[in-house]
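Following: one structure in structure tokens, then a few remarks.
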Amino acid sequence: MENEIRDIRHSFEEEMKNVTDAKTTEEMRIKYLGRKGLISGLMGKLPSVNEDERPSAGKELNILKTYIQKELERKKNELLSGEAKKGEKIDVTMPGILPEEGRLHPITKTLNEINDIFVSLGFKIAEGPEIEKEFYNFEALNIPPEHPSRDAFDTFYIKNDVLLRSHTSTVQIRIMEKTQPPIQAIMPGKVYRPDAVDASHSFMFHQVEGLLVDKDVKFSDLKGVLSLFTKRMFGEKTKTRFRPSFFPFTEPSAEVDISCIICRGKGCRVCSHTRWLEILGAGMVNPRVFEAVGYSPNKYTGFAFGMGVERIAMLKYGIDDIRLFFENDVRFLKQF
Ligand code: PHE
């Protein structure tokens with residue numbers, strides 16, 4: 000039996016060398032795999048093979064059968080594609096198939112733009128974890144335990160002392176812990192707050208914070224950097240206004256407004272007829288923050304600022320609902 004199997008394989012291989020068309024391929028199939036073909040002939044003989052050789056003979060025979068099936072199939076496909084090529088003419092008038100085109104998300108585009116402006120001013124980009132400890136989100140930033148934003152309602156807690164960061168100021172602390180001044184970095188990333196979702200609130204949004212620490216850093220440096228940023232981001236004519244404000248981690252602190260880019264100072268619905276739009280928070284780093292990371296407040300000063308990327312993108316592109324960014328509606332995303 001084993002010899003016969005070997006012979007059939009051999010003759011099949013030899014004959015296949017001369018097969019060049021579909022008709023002969025089919026004849027080969029009938030000859031080898033047909034109901035009265037060589038393989039089923041041998042199958043019929045199996046019962047007469049002596050008992051201890053029978054299992055291995057059966058196995059060999061099956062292997063041969065599968066091999067022949069595969070070879071014939073391969074030949075058939077080969078011949079088919081060959082024929083297709085022979086008859087092929089290129090129809091130059093046929094419309095092409097447009098590949099699906101992807102594009103950057105408007106938030107990514109805005110983030111890239113913000114990053115580019117600060118990188119061109121010498122800032123490095125730094126990132127940190129979205130899951131944080133209270134120390135980085137609060138304590139080191141001079142937000143004491145009784146501060147209202149520590150309340151569980153204003154922060155997503157995962158468990159005691161572990162939370163989703165509510166601002167990227169956490170990364171300021173992480174950088175200062177590891178490096179000595181001078182420091183000049185921006186910190187882009189996602190932040191989380193348990194706000195009810197509406198046209199201007201989302202439980203997750205993006206921030207870019209900035210930090211510059213060195214000897215003799217002044218408020219005027221902060222004003223210079225931010226005025227330059229707003230002009231590059233919103234156009235040369237954009238005016239910047241600093242309003243006194245409060246943040247625990249900066250002193251003094253300011254809220255920064257730009258002249259309304261929609262009405263250019265005439266008063267409109269977007270600026271609620273105030274002619275100004277608030278775009279970020281900023282200030283001089285509170286000496287307490289320096290103490291928390293082991294810097295000497297007598298030696299160093301610095302400034303920090305933070306902005307919401309969604310807000311900037313909404314103003315820049317005239318989008319009136321923050322939810323549009325996260326609904327994945329291609330009709331919306333296609334416009335950018
Ligand atoms: N961390 C502040 C916020 O999330 C923004 C800010 C950063 C303000 C740095 C001042 C300085 O609202």
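The opening position of the sequence shown corresponds to residue 0 in numbering that gives the first Met the number 0, with each subsequent residue numbered one higher.
No residue lacks a Cβ here, since even glycine has one placed at the ideal position from N, Cα and C.
Open item on the list: With three or more beta-carbon pairs closer than 8 Å as the criterion, would you say the stretch 198–208 touches the stretch 305–322?
Closed with: yes
Open item on the list: Is Gly264 near the ligand HEM - that is, is its Cβ less than 8 Å away from at least one heavy atom of it?
Closed with: The ligand HEM is absent from the structure shown, which contains only the ligand PHE.
Open item on the list: Buried or exposed, going by whether 16 or more other CB atoms sit within 10 Å of the CB of Leu140?
Closed with: Within the sequence shown, residue 140 is the residue found at index 141, counting from 1. Buried: at least 16 other Cβ atoms inside 10 Å.
Task: Cβ neighbours of Glu14 in the same chain (closer than 7 Å, five flanking residues each side left out) - done: Residue mapping note: residue 14 aligns to position 15 of the sequence shown, counting from 1. Around Glu14: Met27.
Task: N-terminal and C-terminal residue of the beta strand (DSSP E) that Gln206 is part of - done: For the purposes of this step, residue 206 is identified with residue 207 of the sequence shown, where counting begins at 1. Run containing Gln206: Met203 to Asp213, per the beta strand (DSSP E) assignment.
TODO: Check each candidate in Ser55, Met232, Met42 and Leu63 and name the one with the smallest Cα separation from Ser10.
DONE: Locating residue 10 in the sequence shown gives position 11, counting from the first residue. The option with the nearest alpha carbon to Ser10 is Leu63.
Task: Candidates Leu71, Glu133 and His104, of which the one nearest Arg149 by Cα - done: Walking along the sequence shown from the start, residue 149 turns up at place 150. It is Glu133 whose Cα lies nearest to the Cα of Arg149.
TODO: Would you kindly report the start and end of the unbroken alpha helix (DSSP H) that includes Arg242?
DONE: One-based indexing of the sequence shown puts residue 242 at position 243. Looking at the DSSP string, Arg242 is not in any alpha helix (DSSP H); the run it does join, the beta strand (DSSP E), is Thr239 to Phe246.
- [ ] From the DSSP output, in three-state form, read off Val18 for me.
- [x] Mapped onto the sequence shown, residue 18 falls at position 19. Coil.
TODO: Could you say which of Glu254, His104 and Pro193 lies nearest to Arg330 if we only look at CA atoms?
DONE: Locating residue 330 in the sequence shown gives position 331, where the first residue counts as 1. Comparing Cα-Cα distances from Arg330 to each of Glu254, His104 and Pro193, the minimum goes to His104.
TODO: Run the proximity test for Ala184: is its beta-carbon closer than 8 Å to any non-hydrogen atom belonging to the ligand PHE?
DONE: Locating residue 184 in the sequence shown gives position 185, counting from the first residue. Checking every heavy atom of the ligand PHE against the Cβ of Ala184, none is found closer than 8 Å.
Open item on the list: At the level of alpha carbons, what is the spacing between Leu60 and Asp20?
Closed with: Residue numbering aside, residue 60 sits at position 61 when the sequence shown is read from its first letter. Residue numbering aside, residue 20 sits at position 21 when the sequence shown is read from its first letter. Going by the C-alpha atoms only, they are around 27 Å apart.
Open item on the list: What I want to know is whether the C-beta of Gln206 ends up closer than 8 Å to one or more non-hydrogen atoms of the ligand PHE.
Closed with: Reading the sequence shown from its first residue, position 207 is the one you call residue 206. Yes - the ligand PHE has a heavy atom lying nearer than 8 Å to the Cβ of Gln206.
- [ ] Note down, in chain order, each residue of its chain lying with its Cβ closer than 7 Å to the Cβ of Asp320, except the 5 sequence neighbours on either side.
- [x] Counting from one through the sequence shown, the residue named residue 320 turns up at place 321. The residues are Ala198.
Open item on the list: Between which two residues does the alpha helix (DSSP H) holding Thr109 run?
Closed with: On the sequence shown, position 110 is the one that residue 109 refers to. Element bounds for Thr109: Pro105 to Ser119.
Task: Of the residues Arg231, Leu32 and Pro98, the one placed nearest Ile7, counting alpha carbons only - done: Translated into positions along the sequence shown, residue 7 becomes position 8. Here the closest residue by C-alpha is Leu32.
- [ ] Measure the alpha-carbon distance for Phe122 versus Glu326 and round it to whole angstroms.
- [x] If you number the sequence shown from 1, residue 122 lands on position 123. If you number the sequence shown from 1, residue 326 lands on position 327. Approximately 32 Å, taken between the alpha carbons.
Task: Closest Cα partner of Lys238 within the set Arg53, Ser80 and Ser226 - done: Locating residue 238 in the sequence shown gives position 239, where the first residue counts as 1. If we check each option's Cα against that of Lys238, Ser226 comes out closest.
Task: C-beta atoms of Met283 and Val216 nearer than 9 Å - done: As a working note, residue 283 is residue 284 in the sequence shown. As a working note, residue 216 is residue 217 in the sequence shown. Contact flag set, yes.
- [ ] Report the option in Val118, Ala125 and Ile142 whose CA atom is closest to the CA atom of Arg231.
- [x] Stepping through the sequence shown from its first residue, residue 231 is reached at position 232. It is Val118 whose Cα lies nearest to the Cα of Arg231.
Open item on the list: DSSP three-state label for Met186, please.
Closed with: Start at 1 with the first residue of the sequence shown, and residue 186 comes out as number 187. Here Met186 sits in strand by DSSP.
Task: Interface flag, Asn297 vs chain C, CB-CB below 9 Å - done: This model lacks chain C altogether, as it is built from one protein chain only.
Task: the ligand PHE heavy atom lying under 8 Å from the CB of Val224 - done: Numbered from 1 along the sequence shown, position 225 holds the residue referred to as residue 224. False, no ligand heavy atom lies under 8 Å from that Cβ.
Open item on the list: What would DSSP say about Pro46, mapped onto helix, strand or coil?
Closed with: As a first step, residue 46 is located in the sequence shown; it is residue number 47 there, counting from the start. Pro46: helix per DSSP, three-state reduction.
Task: Nearest candidate by alpha-carbon position, reference His166, set Lys30, His146, Gln183 and Val190 - done: Translated into the one-based positions of the sequence shown, residue 166 becomes position 167. Taking only the C-alpha atoms, the option nearest His166 is Val190.
Open item on the list: the ligand PHE and Ala303: does the residue's C-beta get closer than 8 Å to at least one heavy atom of that ligand?
Closed with: For this step, residue 303 is matched to residue 304 along the sequence shown. Flag set: Cβ of Ala303 near the ligand PHE.
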